[in-house]
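Structure first, then comments.
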Amino acid sequence: MSCPNSASCPLFAKFTQSSLLDFWKSRFCDSDAKYPTCERYKLGQRGAPVPVTLMPNGSQLGR
Amino acid sequence: MAETLYWTWWQGGLGLAFVAIGYHLTLGKTFGFSGMWERILYKRETENLADASSLAEDEDAFMAAMLAATEAAMAEDEVAPGGEQLTAADPAEPAAAATGWWSNLAFAIAVFLGGLAAAVSTDAVQLNLLPGPVYKGFFGDGLAALLILLVGGVMIGFGTRMGGGCTSGHGLNGCGRLQIACMVATASFFGAGIAVSWMLEVLL
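Chains as they are written, first to last, in numbering that gives the first Met the number 0: chain A, 0 to 62; chain B, 0 to 203.
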């Protein structure tokens with residue numbers, strides 16, 4: 000089972016656009032064991048707004 | 000006790016429409032007060048959203064930043080595949096515009112000041128710990144009445160977060176945009192409110 004937020008996650012759509020970015024899918028989104036460790040998923044679970052620049056490993060784009 | 004003067008229903012409606020449409024035209028977002036509070040309370044995340052919004056507007060810069068972050072993450076994991084071609088992404092949907100933290104706080108303060116101005120203009124300024132005589136008639140005016148008010152406030156906050164919006168977001172804007180989920184939400188919380196009011200009338 001993959002991440003239940005895949006369909007609505009704006010980054011997931013981008014991850015499919017490049018073979019390099021596919022790293023994130025296999026590392027987080029498509030892994031039943033790993034998607035709960037995604038920082039985007041965790042922030043969303045807390046009910047907080049999730050910035051589009053937050054990567055699954057917690058790094059922020061543009062910082 | 001002085002009678003409280005309110006605007007007529009149509010004046011109130013026009014005022015709310017002015018705020019909701021004006022908010023959308025100036026900020027490109029739909030207005031919702033609970034969402035605004037959320038953005039005030041989550042200051043850091045709101046600032047991140049504003050930063051993210053500006054970065055996401057530039058598709059090339061955004062994709063370049065994502066590729067750089069990916070390479071860094073791969074290096075950390077030591078699983079970087081060799082010979083991968085970095086491909087530019089097709090333009091994707093722009094991220095929703097995010098309003099800054101201060102603009103949300105300014106709006107919240109303006110709501111208070113607007114209410115105060117309306118009260119002052121009708122000589123109705125009065126500091127009350129408890130709502131009006133109807134509330135006191137139900138729950139008295141002691142500590143229990145204050146605690147019930149506190150519990151009610153917490154429940155409203157919880158329900159608002161759980162429902163993803165409040166009367167302004169779901170009721171005013173959502174219904175105005177003919178969103179089915181918002182109509183259901185509005186019918187639910189107003190229906191529940193009416194039912195509980197009737198129940199209290201019977202029980203108390």
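Here a beta-carbon is modelled for each residue, glycine too, at the ideal position from N, C-alpha and C.
Report all residues from its chain with a CB closer than 7 Å to the CB of S1(A); omit the five preceding and five following residues, and keep chain order.
C28, D29 and Y34
Three-state secondary structure assigned by DSSP to L128(B)
coil
From G34(B), A109(B) and S167(B), residue whose alpha carbon lies closest to that of I20(B)
S167(B)
Are R39(A) and C8(A) close, meaning C-beta to C-beta below 8 Å?
yes
Using a Cβ-Cβ cut-off of less than 7 Å, list which residues of the stretch 175–198 of chain B approach chain A; keep chain order.
none
With DSSP as the reference, identify every bridge partner of Q53(A), one or two as the case may be.
The sequence shown places Leu at residue 53(A), rather than the Gln named in the question. Beta-bridge pairing links L53(A) to Q59(A).
L85(B) versus L66(B) - alpha carbon distance
Confidence in L85(B) is poor, its pLDDT being 35 and thus under 50, which makes the residue's placement unreliable; the coordinate value appears in the next sentence. Each residue's alpha carbon lies about 8 Å from the other.
How many angstroms separate the CA atom of S25(A) from the CA atom of S33(B)?
36 Å
State whether the stretch 22–41 of chain B contacts the stretch 159–175 of chain B, with contact taken as three or more CB pairs (one from each stretch) at a distance under 8 Å.
yes
Rounding to the nearest angstrom, what Cα-Cα distance links S187(B) and E58(B) in this structure?
40 Å
Inter-residue Cα distance where the pair is V51(A) and K42(B)
16 Å
Thinking just about the alpha-carbon of each residue, which of E56(B), A116(B), T69(B) and V133(B) is nearest to the one in M54(A)?
T69(B)
Euclidean distance between Cα positions of R160(B) and L128(B)
25 Å
Assuming M35(B) and F106(B) are in contact, meaning their beta carbons sit under 8 Å apart, how far apart are those beta carbons, in whole angstroms?
6 Å
Distance, Cα to Cα, S196(B) vs G164(B)?
22 Å
For A47(A) and chain B, any beta-carbon pair shorter than 8 Å?
yes
In the structure shown, what three-state DSSP assignment does V18(B) receive?
helix
Compute the Euclidean distance between the alpha carbons of L115(B) and G14(B), then round it to the nearest angstrom.
16 Å
With Q16(A) as the anchor, note down where its alpha helix (DSSP H) starts and where it stops.
Careful: Q16(A) lies outside any alpha helix (DSSP H) and carries neither H nor E.
Quick check: the Cα distance between M198(B) and A144(B), rounded to an integer number of angstroms?
18 Å
Which two residues bound the contiguous alpha helix (DSSP H) that contains Q178(B)?
First-last for Q178(B): undefined, no H or E at that position.
Could one say the Cβ of M204(B) lies closer than 8 Å to chain A's Cβ atoms, at least one of them?
Because chain B here runs from 0 to 203, residue 204(B) falls outside it and cannot be looked at.
Less than 6 Å between C-beta atoms, sequence neighbours within five positions excluded: which residues of the same chain meet that for V124(B)?
A118
Just the Cα atoms here: how many angstroms apart are A72(B) and A64(B)?
12 Å
Proximal residues to Y22(B) (C-beta, below 6 Å), its chain only, five neighbours per side dropped
F30
Are the C-beta of N4(A) and some C-beta of chain B separated by less than 8 Å?
no
Closest Cβ-Cβ distance between F11(A) and chain B: below 8 Å?
no
Neighbour-count burial assignment, V153(B), 16 or more Cβ in a 10 Å radius:
exposed
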